[in-house]
Amino acid sequence: MGPSFLAVVEACDNFRLDRCEERLVPFLLKSPSSSGSGDRQYPIGFLWDNVVRALESDNEGSKDGPRWIIHRDDNSKAIDAVSFSATLSTPEKRSEALKILCEGWREQGLFANTIGGRMWRNELYPVYNEPLGPLHESNLAFVIERAASGLFGIVTYGVHLTLYTSDWKIWVAKRSMTKQTWPGWLDNSAAGGLPYKLTPLESMVKEAEEEASLPQSFVGPNIKGAGAVSYFYRSDKGWLQPEVEYVYDLLIPSDQVDSLIPKPSDGEVESFELLPMAVVKQKMLEGLFKPNCAVVLLDFMIRHGHITPENEPHFLEILTRIHGTFGFSQTY
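Following this line, the structure appears as structure tokens:
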């Protein structure tokens, strides 16, 4: 057996709720007291104490009444949950409240290393009542500025493409040095967050054209949906980022290998390089890929038989950890 790829997974799937010894506060859509025994709810996210304190301060400064209900234990009086006010009962109202909140924090300079300056993306991410449920308006809880999602520990979604040839070479992107996050790291052939009101496929086709100059006329008919990976990431700033990435494969026909070449287009990518599978594996082991992009490539290699139980001693652990369910198991 060669070297294990378990460390590649551990760099991305690096957090467990059930092993966290630090204090986390569940973030709920509605008050636990309004959830009868037959209508219990899972948390929509998890909050660190500094975010809870900022929500309390927002309540104190609100002229229209509190937007956030701070639930306390009857005995210890410790905060044990935060939920939206009952007046914020629709996705539209919740989204507007979060917009006002996060823009206010940005103006005040709160959480500047996450939502300040260029970190603010002006992109809306959907958040769902059931994070692993349908991507449908009926499941929508609210939308939130992309940069602020980590403050609330909510599940977000993305799309990732592996563009490859029949002799198992993969087009690898190098992220631009001007990127807000992970500048200069290696990346998948095309990738991006899943914005509000786009399906995963629509978003992937759009990203392939914008990032890699791959024409929709080729990508649309030939791209293959290949499932999803999911993992629980804690950033180096401490924010919780449980994520789902829809993955796509795109095989370049042998007669188009010399003509269908990805090219940087929107400034997100510095360059592309066509690399043999063995070289891609080595760069993954060296930690040169953005962590979740390495996980997407691991999934690709497993699906196509390049990583197997025979050559990977931690095969089952890798397989299960890149298809995690985040541990949002306790109901309120």
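Letter 78 of the sequence shown, counting from 1, is numbered 78 in the UniProt record's numbering, and no numbers are missing.
Where is the CB? At the ideal position from N, CA and C, for every residue including glycine.
A quick note: this is a predicted structure, and the numbers were derived from the prediction, not measured.
Q: Closer than 6 Å by C-beta to Val254: which residues in its own chain qualify, once you throw out the five before and the five after it? Chain order, please.
A: It is Ser, not Val, that sits at residue 254 in the sequence shown. Cβ within range, chain order: Ser166.
Q) Cα-Cα, which of Pro126, Ile318, Lys263 and Leu132 is closest to Gly327? A) Leu132
(Q) My parser needs the alpha helix (DSSP H) runs of 4 or more residues fully inside the segment 35-122; what are they? (A) 49-61, 91-108 and 112-115
Q) If you drop the 5 nearest sequence neighbours on each side, which residues of the same chain put their C-beta closer than 8 Å to that of Asn113? A) Met119 and Lys237
Q. Can you tell me the Cα-Cα spacing of Leu101 and Arg121, whole angstroms?
A. 16 Å
Q. Helix or strand or just coil, what does DSSP make of Leu163?
A. strand
Q | Which of helix, strand or coil DSSP assigns to Ala11 | A | coil
Q) Start and end of the beta strand (DSSP E) containing Val247? A) Leu240 to Leu251
Q.
Measuring straight from C-alpha to C-alpha, what distance separates Asp74 and Pro43?
A. 20 Å
Q.
I'd like to know whether the C-beta atoms of Phe300 and Val172 end up nearer to each other than 9 Å.
A. no
Q) Around the C-beta of Asn292, are 16 or more other C-beta atoms found within 10 angstroms, so that it is buried, or is it exposed? A) buried
Q. Under a Cβ-count criterion, where at least 16 other Cβ atoms within 10 Å of its own Cβ denotes burial, should Asn188 be classed as buried or exposed?
A. buried
Q | Supposed close pair Leu186, Lys290 - CB separation, criterion 8 Å | A | 7 Å
Q | Ser259 - DSSP class collapsed to helix/strand/coil | A | coil
(Q) Given a cut-off of 9 Å on the beta-carbon distance, is the pair Val219 and Gly158 in contact? (A) no
Q: Consult DSSP for Arg19 and reduce its assignment to one of helix, strand or coil.
A: helix
Q: Within 10 angstroms of the Cβ of Ala148, are there 16 or more other Cβ atoms? Answer buried if so, exposed if not.
A: buried
Q) Bridge partners of Gly193, per DSSP? A) Gly158
Q.
Please return the same chain residues whose Cβ sits closer than 8 Å to the Cβ of Glu207, not counting the five positions on each side in sequence.
A. Val159, Leu161, Ala190, Ala191 and Gly192
Q) If we call anything under 9 Å between Cβ atoms a contact, is Glu268 one with Glu211? A) yes
Q.
What does the alpha-carbon distance come out to for the pair Gly65 and Pro91?
A. 19 Å
Q: Under 6 Å Cβ to Cβ from Leu17, same chain only, skipping five residues before and after it: list those, please.
A: Gly327
Q.
With H, G and I counted as helix, E and B as strand and the rest as coil, what does DSSP make of Phe315?
A. helix
Q.
If you reduce the DSSP assignment to three classes, tell me which class Ser230 lands in.
A. strand
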